[in-house]
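Residue numbers (the numbering used here): 3 to 338. See below for the structure under consideration.
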Amino acid sequence: MKQTFSPKTGNLNLITDVGGLLVGQSEDPIAETGVTVLTCPSLWTAAVDIRGGGPGGRETTVLDPENLVGGVHAIVLTGGSVFGLAAADAVTVALSQEGKGLNINSCHNPVPIIPTAVLYDLANGGKKDWGNTPPYYQLGKTALQKADISFDLGRAGAGYGALAGHVRGGIGSASLDLGDGIIVGALVAANPVGSPYMDDNRHFWAWPFEIGQEFGGKKPDIRQVSYNDPFPDIERLSENFRLKGGANTMLAVVATTAELDRNQTKRLAIMAQDGFARAVRPVHTPFDGDTLFALSSGAVSIAEGKIANLELARIGSAAADCVTRAIARAVYYANK
């Protein structure tokens, strides 16, 4: 008889179930925007996969397998489009002052590697008339200071001013315990042009992947499901300027305790992007800047050869499931 798999979350059902990761967040309620910072205790192997038509960020190409470093000390996700990149400046300076980074030359400050991705929330409400002083440097500094294993979901951090289709987006996170010390987790800042809801606007596309009632426990009658509208309410999206290149975006980070090399971590990022497509419809449009980072802590060795590839496939599939659930959790908590 085939054994039934029963999915199990990590202790917190957050990306920080991957030991060593910390997450800090800060918000500006007047500007309706925010920043999320993930920190690693050392240089963790990392990769990035970018599929949206309007991405924004910095230090993403440093993670390409043909380039030198291939690891990160922190990752910054931020609202504010290009203005939000200042958050990474604050995190870079602070970590360098703490002695964290690459010691390229002992006569100079260490150089932290901090890839950053931005989402567009400039038209989503709030007062963005900040003149010469956008709030993102201070938001980045504050988010780093708040880094911990626990953090808020929903309207928080980089997801504070996010929209998901026509409802509030936000920050979501989820994890899976695969046994033998292998933990997989995801964090998502959900701000897609597409909708996380089925055509009834009540049930999440992600519902088959829910564990317990982590995003409400509502299961649709699949006999009543309609798939006739591949793109929701174009006129309304046009009216609020969301059908503009880069005017939306989902940002994500997945992490695992498994020891992966750079190419394996890149494959993890590629597989994890499928979680976007399971949770939102449509996805990876010309109007989104979808960006996903993958991290390996290297805490748990996996087998070599063909068995390693099988294990990587299992971890990548779990990461995609975590991304799916994290998106639904982001929207669920933002709209409670």
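The beta carbon of each residue, even a glycine, is placed where N, CA and C say it ideally should be.
Hey, how far is the Cα of residue i from the Cα of residue j?
| i | j | result |
| --- | --- | --- |
| aspartate 223 | alanine 158 | 32 angstroms |
| phenylalanine 206 | alanine 281 | 7 angstroms |
| phenylalanine 85 | arginine 316 | 38 angstroms |
| histidine 75 | aspartate 323 | 25 angstroms |
| valine 95 | leucine 70 | 22 angstroms |
| glutamine 275 | isoleucine 329 | 12 angstroms |
| glycine 171 | valine 195 | 10 angstroms |
| glutamine 29 | alanine 192 | Residue 29 is actually glutamate in this sequence, not glutamine. Glutamate 29 and alanine 192: Cα-Cα distance of roughly 16 angstroms. |
| leucine 297 | glycine 58 | 20 angstroms |
| proline 137 | tyrosine 122 | 15 angstroms |
| leucine 124 | serine 83 | 7 angstroms |
| lysine 4 | alanine 33 | Low confidence applies to lysine 4: its pLDDT is 49, below 50, so where it sits in the model is not reliable, and the reading given next is rough at best. Their Cα atoms are separated by approximately 54 angstroms. |
Which same chain residues end up closer than 6 angstroms to residue i when comparing Cβ atoms and leaving out the 5 residues on each side of it in sequence?
| i | result |
| --- | --- |
| asparagine 126 | Gly163, Leu165 |
| lysine 220 | His205 |
| aspartate 131 | none |
| glycine 12 | Asp19, Ser177, Asp179, Ile185 |
| isoleucine 115 | Val71, Val74, His75 |
| alanine 279 | Val285 |
| isoleucine 77 | Leu40, Pro117, Val255, Phe295 |
| isoleucine 304 | Ala260, Ala310, Glu313 |
Which same chain residues end up closer than 8 angstroms to residue i when comparing Cβ atoms and leaving out the 5 residues on each side of it in sequence?
| i | result |
| --- | --- |
| glutamine 27 | Gly36, Val37, Thr38, Val39, Ala145, Lys148, Phe153, Asp154, Ala158, Gly159, Ala160, Ile173 |
| leucine 16 | Val25, Ile151, Ser152, Phe153, Ser175, Ala176, Ser177, Gly187, Leu189 |
| alanine 321 | Val186, Ala188, Val256, Thr258, Leu270, Met273, Ala274, Gly277, Ala296 |
| tyrosine 139 | Ala88, Ala89, Asp91, Ala92 |
Can you name the residues that DSSP bridges to residue i?
| i | result |
| --- | --- |
| methionine 273 | Looking at the DSSP assignment, methionine 273 forms no beta bridge with any residue, so it has no partner. |
| threonine 47 | Gly73, Ser298 |
| isoleucine 52 | Thr293 |
| phenylalanine 206 | Tyr199 |
| valine 333 | Valine 333 is not bridged to any residue. |
| threonine 80 | Val37, Val120 |
So, does the CB of residue i fall closer than 8 angstroms to a CB anywhere in chain B?
| i | result |
| --- | --- |
| aspartate 66 | In the structure shown, chain B does not exist; there is a single protein chain. |
Is DSSP giving residue i helix, strand or coil here?
| i | result |
| --- | --- |
| serine 175 | strand |
| alanine 119 | strand |
| aspartate 150 | strand |
| valine 256 | strand |
| threonine 18 | helix |
| leucine 314 | helix |
| threonine 38 | strand |
| alanine 125 | coil |
| threonine 326 | helix |
| alanine 166 | strand |
What is the residue span of the alpha helix (DSSP H) that residue i lies within?
| i | result |
| --- | --- |
| serine 28 | That residue, serine 28, is in no alpha helix (DSSP H); its beta strand (DSSP E) goes 24-30. |
| alanine 89 | 88-99 |
Taking the beta strand (DSSP E) that residue i falls in, what are its first and last residues?
| i | result |
| --- | --- |
| glycine 187 | 185-192 |
By Cβ distance below 7 angstroms, which residues in the same chain neighbour residue i in space, the five residues on each side in sequence not counted?
| i | result |
| --- | --- |
| asparagine 111 | Ser98 |
| leucine 87 | Arg60, Thr118, Val120 |
| glycine 55 | Gly247, Thr287, Pro288, Phe289, Asp290 |
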